[in-house]
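*Asks:* Got a structure here, written out as structure tokens. Questions coming.
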């Protein structure tokens, strides 16, 4: 799928990629979700399916936080307070830890709700606000949302498909 360049394409990319990912996730037996046997987000690490879902929730929650803060005219620490862009492996570990007490069913519900909340923001935002003005550095709001939703959903699906073949 091409990189979205407008509101409708962004919505479609999220719906499509999340729909495919959700199908893959729904087919995984819960008892297989805790084993750390998927390629991790930091080089040379392994993670569980639960960790992967936690990662997606974490980034989705950051997207929601960034939008909420910007809407309130607050400064945003990108990617998150206490983390730099070159520390994304540490941020992934934080996400794993944030959701480590949640079982697989709860994680899937949280991911579903996060995606719904992001789509709600997109629904309320104009194409101009999403794609015609810089929002963070040189990136538009729509591109920042896409970087942290449809693209990671596609990547996660690929990881799961590769893992399932093994």
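Residue numbers (the numbering used here): 281 to 446. Ideal Cβ positions, reconstructed from N, Cα and C, are used throughout, including at glycine. These numbers come from a predicted model, not from an experiment.
Taking three-plus beta-carbon pairs below 8 Å as touching, is the segment 374–392 in contact with the segment 325–345?
*Replies:* Flag = yes, the segment 374–392 and the segment 325–345 touch.
*Asks:* Among the residues of its own chain, which have a CB less than 8 Å from the CB of residue 432, if the five just before and after it don't count?
*Replies:* If we look at residue 432 and ignore the five residues flanking it on each side, its Cβ neighbours are 335, 336 and 339.
*Asks:* Hey, residue 398 and residue 343: beta-carbon distance below 9 Å or not?
*Replies:* A contact, by the Cβ cut-off of 9 Å.
*Asks:* May I ask you to report which of helix, strand or coil DSSP gives residue 319?
*Replies:* In the structure shown, residue 319 sits in a strand (DSSP, three-state: E or B).
*Asks:* For residue 410, collect the residues of the same chain with a Cβ closer than 8 Å to its Cβ; drop the 5 residues on either side in sequence, then sort them by chain order.
*Replies:* So the list reads 286, 287, 290, 402, 420, 421, 422 and 425, once near-sequence residues are dropped.
*Asks:* So the candidates are 304, 415, 370 and 418; which of them puts its Cα closest to the Cα of residue 321?
*Replies:* Closest by alpha carbon: 370.
*Asks:* What's the call for residue 393, buried or exposed, on a 16-neighbour Cβ count within 10 Å?
*Replies:* With fewer than 16 Cβ atoms within 10 Å of its Cβ, residue 393 is classed as exposed.
*Asks:* Using alpha carbons as the reference points, say which of 429, 318 and 443 lies closest to residue 292.
*Replies:* Of 429, 318 and 443, the residue nearest in Cα terms is 429.
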